[in-house]
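The structure appears below as structure tokens.
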Amino acid sequence: MRDLAARGPRRIVHIACDPAALARDLSLFATAGYRTAALRAFDAFPMTHHMEAVALLERIPR
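In structure tokens:
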């Protein structure tokens, strides 16, 4: 994730299936100068406890 953030893309779409990993990664991206523009959860596996999260991250202009 650090290498991706270091490349400085204007937008990143991050897909995660583990809430703890998502929180860790969003924190890393925030430190690297990105904001979470949108976040949505998807029930890709009905009748289970699993969910997928999709986050749109945007680089904060400096």
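Mapped onto the numbering used here, the consecutive letters of the sequence shown carry residue numbers 11 to 72.
Note that beta-carbon positions come from the ideal geometry of N, C-alpha and C, so glycine has one too.
V23 is the residue among R45, V23, A42, R72 whose C-alpha sits nearest the C-alpha of E62. Separation of R20 and M11 (C-alpha to C-alpha, rounded to the nearest whole angstrom) is 15 Å.
Rounded to the nearest whole angstrom, the CA to CA distance from L66 to A54 is 18 Å. Between A15 and A42, the CB-CB gap stays under 8 Å.
For F52 and A30, the gap between their C-alpha atoms comes out near 16 Å.
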